[in-house]
Amino acid sequence: MNIKTAEILCVGTELLLGDIVNTNAAYLARALASMGISVYHQAVVGDNPERLREAMETGLSRADLVITSGGLGPTCDDLTKETAAACFGRKLVCHEPSLAYIEGFFARRGKEMTPNNRKQAMMPEGAYVLANPHGTAPGVAIEEDGRGVMILLPGPPRELIPMVENEVRPFLAARTDCVLLSRNLHLFGIGESALEDILRERMEASVNPTLAPYCADGEVRLRITARGKDEAEAAALCDGEEKFLRSSPVAPYIYGVDVGSIEAALVPLLAERGLTLATAESCTGGLIAKRLTDVPGASAVFPGGVVSYANEVKAKVLGVDPDTLAAHGAVSEPVAMQMARGVRLATGADIGISTTGIAGPGGGTPEKPVGTVWLGISTPEGERARLLSLDPRADRKYIRTCAASHALYGVLALLQGIELS
407 MNIKTAEILC VGTELLLGDI VNTNAAYLAR ALASMGISVY HQAVVGDNPE
457 RLREAMETGL SRADLVITSG GLGPTCDDLT KETAAACFGR KLVCHEPSLA
507 YIEGFFARRG KEMTPNNRKQ AMMPEGAYVL ANPHGTAPGV AIEEDGRGVM
557 ILLPGPPREL IPMVENEVRP FLAARTDCVL LSRNLHLFGI GESALEDILR
607 ERMEASVNPT LAPYCADGEV RLRITARGKD EAEAAALCDG EEKFLRSSPV
657 APYIYGVDVG SIEAALVPLL AERGLTLATA ESCTGGLIAK RLTDVPGASA
707 VFPGGVVSYA NEVKAKVLGV DPDTLAAHGA VSEPVAMQMA RGVRLATGAD
757 IGISTTGIAG PGGGTPEKPV GTVWLGISTP EGERARLLSL DPRADRKYIR
807 TCAASHALYG VLALLQGIEL S
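Under the numbering used here, think of the first position of the sequence shown as 407, with each following residue one higher.
As structure tokens, then:
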């Protein structure tokens, strides 16, 4: 069987109620795409055998593969395996190796195995059993000519992910004839609509590889996806598309490839240059420092930062001139520059950056509305500042996130020799 399409079916009433965030669907979609399998539908269904049977039958009718997560536990509401067996008209039989493993699982922990755990060793007749060294619920693959393939996986990600990587990938590799490879170009300083306007003709004509933009707060991700007989062929197709984009009008906005975030691109670059960066934050309240220290290796490039909400802290800790504060206000160009210089000198960093602004929802004036943010940057060569005029209707979180991103990008642009307007 050559599997080209799949449907993801996540099982559990807790998912429908929002008690648990469904991360399995996103992970499975990425894993299947990397194997050259296109996912056209995803669904979530509760622990109800009738609705689950209907969802399974629907999936089998329109996809080569249905892959489920959840409902393989020992309790009476765990019905995924029983329902799948009914879909294929198969009896459940005891899989002795699985039973022995489950018994050993409890014995190794010095716990008594309750009778209901035996249920997890019952498998649809003729099914392929997927080992689960991280739990007591083995996975199952059922294959039938004319019907398709159904793979049943446990719900906990710490069990599901290793099972996919170690068991499902080899199983599916023998049943596919291509791979899909995606490459993400990260762009800053251009909106999704402007990007799409520039690339619309290219995007509409693209077949292999394809182009698709995705919007985030203040930035855009441009995904290139190529299909090839193997990874090398797909990578060559992505290379060609990336080369085109780097010679197009969007090129100046590209700050990284598959980096994940501005800070994830910035921290290694600082380390590569042997530079350090310190932060002085008012309106962002430590968000820049938090984002930097989320990146492994940040300790080598980030000596520290100051959250200077109060003017007294700006003056006493960062050395901002009280007369400048009185004459121009905290949200101003000279204060942003003095904050950046002050934190650079206080920490001994090579670069200092600062944010001072009005994140809202209150505090704005006609002269300085909500969304007004000054960004400062200081190096041994001197200081500069840049004004952001963000949408005053935006919420506080958005304004703070955008301000932090612009501050981080300011350093990245400085290091990459990009002139900011």
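All C-beta atoms in this analysis are idealised placements derived from N, C-alpha and C, irrespective of residue type, glycine included.
Predicted, not measured: the structure shown is a model, and the values here were computed from it.
Next on the checklist: What does the alpha-carbon distance come out to for the pair Pro772 and Ala677?
Outcome noted: 42 Å
Checklist entry - Do you know how far the Cα of Lys487 is from the Cα of Ser700? => result Here the sequence assigns Asp to residue 700, which means Ser is not the residue at that position. Asp700 and Lys487: Cα-Cα distance of roughly 40 Å.
Next on the checklist: So, for Glu531: in the same chain, excluding its five sequence neighbours on each side, which residues have a beta-carbon less than 7 Å away from its beta-carbon?
Outcome noted: Arg496, Lys497, Val499
Checklist entry - Three or more beta-carbon pairs under 8 Å between the region 777–786 and the region 743–761, yes or no? => result yes
Checklist entry - My guess is that Leu458 and Val417 are in contact by the Cβ rule of under 8 Å, so how many angstroms apart are they, rounded? => result 6 Å
Next on the checklist: Whole angstroms are fine: how far does the CA of Leu781 sit from the CA of Pro728?
Outcome noted: 19 Å
Next on the checklist: Given this structure, state the Cα-to-Cα distance separating Ala671 from Pro798, to the nearest angstrom.
Outcome noted: 29 Å
Item to check | Contact check, Thr778 vs Ala809, beta carbons under 8 Å | outcome: no
Checklist entry - In angstroms, rounded to a whole number, what distance separates the CA positions of Leu601 and Arg790? => result 29 Å
Checklist entry - Alpha carbon to alpha carbon, how far is Gly711 from Met743? => result 15 Å
Next on the checklist: If you follow the alpha helix (DSSP H) that Cys493 is in, where does it begin and where does it stop?
Outcome noted: 486–493
Next on the checklist: Within 8 Å, do at least three Cβ pairs link the region 508–517 to the region 589–605?
Outcome noted: no
Checklist entry - Buried or exposed: Val427, going by 16 or more other Cβ atoms within 10 Å of its Cβ? => result exposed
Next on the checklist: With distance defined between alpha-carbon atoms, name the residue in Thr616, Val673, Gly680 nearest to Phe650.
Outcome noted: Thr616
Next on the checklist: In this structure, how does DSSP classify Arg747 when only helix, strand and coil are distinguished?
Outcome noted: helix
Checklist entry - Residues bridged to Ala686 by DSSP? => result Val712, Ser760
Checklist entry - Exposed or buried, Ser504, counting other C-beta atoms within 10 Å across all chains shown (16 or more means buried)? => result buried
Next on the checklist: To the nearest angstrom, how far is the alpha carbon of Asn614 from that of Leu434?
Outcome noted: 22 Å
Checklist entry - Between which two residues does the beta strand (DSSP E) carrying Asn590 extend? => result 585–594
Checklist entry - Straight-line CA distance for Glu625 to Leu587? => result 22 Å
Checklist entry - What separation, rounded to the nearest whole angstrom, lies between the Cα atoms of Ala716 and Asp756? => result 25 Å
Checklist entry - Does DSSP classify Ser475 as helix, strand or coil? => result strand
Checklist entry - Under the three-state reduction of DSSP, which class applies to Leu681: helix, strand or coil? => result coil
Checklist entry - Can you round the beta-carbon distance between Val663 and Ile604 to whole angstroms, since I take them to be within the 8 Å contact cut? => result Not really, about 19 Å apart at Cβ, beyond 8 Å.
Next on the checklist: What does the Cβ neighbour count give for Asn523, buried or exposed, with the cut at 16 atoms within 10 Å?
Outcome noted: buried
Item to check | Cβ shell of Arg806 (< 6 Å), same chain only, five flanking positions each side left out | outcome: Thr690, Leu693, Ala765
Checklist entry - Do you know offhand how far Val737's Cα is from Leu628's? => result 34 Å
Item to check | Within 8 Å, strictly: CB atoms of Ile759 and Thr682 | outcome: no
Item to check | Closest by C-alpha distance to Leu415, when choosing among Glu571, Ala611, Tyr446 | outcome: Tyr446
Checklist entry - Which same chain residues, not among the five before or five after Thr419, have their C-beta less than 7 Å away from its C-beta? => result Gly452, Asp453
Next on the checklist: Since Leu536 and Ala547 should fall inside the 8 Å C-beta cutoff, what is the C-beta to C-beta distance between them, to a whole number of angstroms?
Outcome noted: 6 Å
Checklist entry - Taking only runs of the beta strand (DSSP E) that begin and end inside the region 623–680, which ones reach a length of at least 3 residues, in chain order? => result 625–634, 660–663
Checklist entry - What are the residues that DSSP puts in a beta bridge with Glu550? => result Gly554
Item to check | Cβ-Cβ separation, Ala412 to Ile443 (assumed contact under 8 Å), whole Å | outcome: 5 Å
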